[in-house]
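Peer 1: Taking the working numbering, the leading residue of the sequence shown gets 6, the next gets one more, and so forth.
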Amino acid sequence: MDTPGTWTGSALHEGSIFNPPQQLEAHSPARTIVIVGAGFSGTAVATHLQRLPYAEPLRIVLIERAQTAGGVAYATREKSYLLNVPAGRMSLNAHDPLQFLAYAQRSLPQATAEDFLPRELYGQYLESSLRCATQAAPPHVHLQRVRGEVIAIEKPHRSTNVRVHLHAGNAITAQAVVLAPGNPGPAALPGGAGLPRSRYVADP
Ligand SMILES: Cc1cc2nc3c(=O)[nH]c(=O)nc-3n(C[C@H](O)[C@H](O)[C@H](O)COP(=O)(O)OP(=O)(O)OC[C@H]3O[C@@H](n4cnc5c(N)ncnc54)[C@H](O)[C@@H]3O)c2cc1C
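#1: Would the beta-carbon of serine 46 be found less than 7 Å away from any heavy atom of ligand 1?
#2: DSSP state of arginine 168, grouped into three classes?
#3: What are the boundary residues of the alpha helix (DSSP H) that includes alanine 116?
#4: So is valine 77 buried or exposed if we call it buried at 16+ other beta carbons inside 10 Å?
#5: How big is the Cα-Cα spacing for threonine 81 and glycine 75?
#6: Short of 6 Å in beta carbon distance, which residues of its chain neighbour proline 1, apart from the five on each side in sequence? Order them along the chain.
#7: Where does valine 169 land, buried or exposed, given buried means 16+ other C-beta within 10 angstroms?
#8: Is it buried or exposed for threonine 165, if we count other Cβ within 10 angstroms and need 16 for buried?
#9: State yes or no: is the C-beta of arginine 202 nearer than 7 Å to some heavy atom of ligand 1?
#10: Use the C-beta contact count for serine 203: other C-beta atoms within 10 angstroms, 16 or more gives buried, fewer gives exposed.
#11: In the structure shown, what three-state DSSP assignment does histidine 210 receive?
#12: Under a Cβ-count criterion, where at least 16 other Cβ atoms within 10 Å of its own Cβ denotes burial, should valine 90 be classed as buried or exposed?
#13: Please check the pair glutamate 159 and valine 151, which I expect to be a contact at CB under 8 Å, by giving their CB distance rounded to whole angstroms.
#14: Any heavy atom of ligand 1 within a distance shorter than 7 Å of the CB on glycine 42?
#15: Roughly how many whole angstroms lie between the Cα atoms of alanine 207 and tyrosine 79?
#16: Looking only at its own chain, which residues have a Cβ that is under 8 Å from the Cβ of glycine 10, when we skip the five neighbours before and after it?
#17: Report whether the distance from the Cβ of alanine 192 to the nearest heavy atom of ligand 1 is below 7 Å.
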């Protein structure tokens, strides 16, 4: 389990707005939506939520437990891997299908829609999209990014709110929660415990 604190990982870290969970206000006068997990799904939801029109103040709290954001596929790793989907089919924006390609061509001018580009670049595109949405959002829509692990979600009796509990010991009151924690790790292979690590990798 990671220690709560700074949210690092180069693709999504540089200049990131992050908070340790202890600095998170438990209650907010604004309607609060908590997003659990800042992989592709959580980041995409946070990006799109900020683009919707709201009459009332809104707080979006994006919580990520990992040291490296971007999720299982797009976090920065020591070794660079390629996407397994061509650039022309990786846009975050349905109204702009070549948006990722256009982003990629800023650093890779020769890239085409058929190319399989580095995953890390896609992580940077996700981060850039989130930041653009945050900058364009009206002042009454506020995104908070928190490094921490959600350990429980509680629905108090007769309340329309939920309480989202973090491993650090605090809890946030929210009106809605988006679960974007990805897939659970692989189940243990029966008999796998006895296999040498050189021959069996439980969770690659
Ligand atoms: C190796 C690999 C390569 C892939 N390559 C491609 C590709 O090239 N193109 C493509 O289209 N798709 C690809 N995919 C599929 C892609 O990963 C998924 O479509 C998508 O990224 C899943 O995103 P996610 O946000 O749902 O989950 P994840 O990326 O798993 O993100 C979930 C996040 O939630 C966090 N989290 C979980 N539980 C908690 C908690 N309790 N509290 C706080 N945070 C929590 C995790 O730390 C994680 O960062 C690939 C998948 C894998 C495994």
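All C-beta atoms, glycine included, are put in the ideal place defined by N, C-alpha and C.
Peer 2: Here's the rundown:
#1: yes
#2: strand
#3: Counting along the chain, alanine 116 falls outside any alpha helix (DSSP H), and DSSP gives it neither H nor E.
#4: exposed
#5: 8 Å
#6: The shown model of the chain, from 6 to 209, leaves out residue 1, and the question about it has no answer.
#7: buried
#8: exposed
#9: no
#10: exposed
#11: Outside the modelled stretch of the chain, which goes from 6 to 209, sits residue 210, for which no answer is possible.
#12: exposed
#13: Between valine 151 and glutamate 159 the Cβ distance is about 18 Å, and since that is not below 8 Å, they are no contact.
#14: yes
#15: 21 Å
#16: Its pLDDT being 35, under 50, glycine 10 is placed unreliably in this model, and the value from its coordinates should be taken loosely. The answer, listed in chain order, is Pro25 and Arg152.
#17: no
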